[in-house]
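In mature numbering (1 follows the signal peptide of the UniProt record, and there is no 0), the protein residues as written are -22 to -1, 1 to 333.
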């Protein structure tokens, strides 16, 4: 892992380099103390497929605004210490936004009714976590950087109990085999990421605007990878280009910034969004485990180093300061062979409330 970590640190240093040549900055607003919250539910039930396997579900609650930097569980001070350790200087910016997220996610093999270890499928895995993010809009107005620090625990029985309860209520097959999950009993984990998004172009199609952007990200920890994404949105747009961040996902969506009242002008939003991403992955704790013994774990040479991803979503404003979104995500296979060598699809509903 030392070589891999070194390569990621090099990439993170590149991402952390100074912003592009500055241009006139169209917006200078201060971050509100409370800029809102969002709730996201992920489940393969929300997609055309309903297989109850692979990334089978997740939930996250995000709080946004300056207030989260001073909360008892805030990791924002740790981000300061990481910046010092990496000798990273944040660019002078007219706007920096903060968010804090708590969440949980779960993975399952195909045959959840089988209590035995299924050696050629993906293992059960789960994570509970909290994370802090900072989004910095650079002075050129066309690039935005985000850094995120996540701490969590793998292998608890919270996801197991929730899945069993849901299956009991819905009359579905009760899941078996959670005793074989990655890091069963609990093991700490972390993830640190740096990303940059850039507005490439924008214009009008019909009567409505469109925006095209590119994003690059490097991460180190429970999922270690680099990725490159292109995304497009079109429709009745009111929110800034940098506020729509579908590319910032690691199965679950990372913390997203809230919006200030200055961003809410004009008719209600209603737009479509889509994108593609290419991942170069070096390590995935949900398949490879960590330091604690796991009954089923895959080696790096059993995993695909390049993974493709695509998504399509729709967002509609439901109130003066609220939005509801649905997104369908597709991801290529992560394993090279066996029953677990299959693509993945899931859907998400996201509710945003901005103040």
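Positions of the beta carbon are idealized from the N, C-alpha and C atoms, including for glycine. Being a predicted model, the structure only gives us computed values, none of them experimental.
(request) Reducing DSSP to helix, strand and coil, say where residue 28 ends up. (result) In this structure, residue 28 counts as coil in the three-state DSSP scheme.
(request) For my contact list, residue 255 and residue 203 are in at a C-beta cut-off of 8 Å; report their separation, rounded to the angstrom. (result) Rounded, the Cβ-Cβ distance is 11 Å, inconsistent with contact.
(request) Would you list the one or two residues that DSSP bridges to residue 123? (result) The partner list for residue 123 (beta bridge, DSSP) reads 114 and 174.
(request) Select from 180, 156, 317 and 193 the residue whose C-alpha is nearest the C-alpha of residue 253. (result) Checking every option, the nearest Cα to that of residue 253 belongs to 193.
(message) Taking CB distances under 7 Å as the criterion, tell me whether residue 305 reaches chain C.
(response) Protein chains in the displayed structure number just one, and chain C is not present.
(request) Would you mind sorting residue 65 into buried or exposed? The rule is 16 or more other CB atoms within 10 Å of its CB. (result) By the C-beta density criterion, residue 65 is exposed, having fewer than 16 other C-beta atoms within 10 angstroms.
(request) Please determine if the region 83 to 90 and the region 24 to 44 are in contact, where contact requires at least 3 C-beta pairs separated by less than 8 Å. (result) Below 8 Å, enough C-beta pairs join the region 83 to 90 and the region 24 to 44 to call them touching: three or more.
(request) Could you name the residues of the same chain whose beta carbon sits closer than 8 Å to that of residue 323, not counting the 5 residues immediately before and after it, in chain order? (result) For residue 323, the CB contacts under 8 Å within the same chain, skipping 5 residues up- and downstream, are 22, 25, 26, 27, 306, 307, 308 and 309 in chain order.
(request) Can you tell me which of 103, 146, 114 and 120 puts its alpha carbon nearest to the alpha carbon of residue 136? (result) With distances taken between Cα atoms, residue 136 lies closest to 103.
(request) Could you tell me the distance, in whole angstroms, from the CA atom of residue 95 to the CA atom of residue 132? (result) C-alpha separation (whole angstroms): 18 Å.
(message) Quick check: the Cα distance between residue 99 and residue 314, rounded to an integer number of angstroms?
(response) Distance between the alpha carbons of residue 99 and residue 314 is about 11 Å.
(request) Measure from the alpha carbon of residue 165 to the alpha carbon of each residue in 320, 267 and 55, then state which is nearest. (result) When C-alpha distances from residue 165 are compared across 320, 267 and 55, the shortest belongs to 267.
(message) For residue 336, which residues in the same chain have their Cβ closer than 6 Å to its Cβ, ignoring the five residues on either side in sequence?
(response) The structure shown does not extend to residue 336, since the chain is modelled only from -22 through 333, so no value can be given for it.
(request) Give the DSSP-derived three-state secondary structure of residue 159 in the structure shown. (result) In the three-state reduction of the DSSP assignment, residue 159 falls in the coil class.
(message) Going by DSSP in three states, residue 330 sits in which element: helix, strand or coil?
(response) Residue 330 carries a strand assignment under DSSP once its states are collapsed to helix, strand and coil.
(message) Would residue 54 and residue 47 qualify as a contact pair, given that the criterion is a beta-carbon distance under 7 Å?
(response) Result yes, Cβ atoms of residue 54 and residue 47 sit closer than 7 Å.
(message) On the criterion of 16 or more Cβ atoms from any shown chain inside 10 Å, does residue 84 qualify as buried, or is it exposed?
(response) Classified as buried, residue 84 has 16 or more neighbouring CB atoms from the shown chains inside 10 Å of its CB.
(message) Let's see if you can read the secondary structure: which residues bound the beta strand (DSSP E) around residue 135?
(response) Careful: residue 135 lies outside any beta strand (DSSP E) and carries neither H nor E.
(request) Provide the residue span of the beta strand (DSSP E) that contains residue 266, from first to last. (result) Looking at the DSSP string, residue 266 is not in any beta strand (DSSP E); the run it does join, the alpha helix (DSSP H), is 263 to 266.
(request) With a floor of 3 residues, list each beta strand (DSSP E) that falls wholly inside the region 203 to 291, ordered by position along the chain. (result) Fully enclosed beta strand (DSSP E) runs of 3 or longer: 248 to 262.
(request) Could you check what DSSP says for residue 316 in three-state terms: helix, strand or coil? (result) Of the three classes helix, strand and coil, the one that applies to residue 316 here is coil, per DSSP.
(request) Whole angstroms is fine: what's the gap from residue 303's alpha carbon to residue 265's? (result) Approximately 30 Å between the Cα atoms of the pair.
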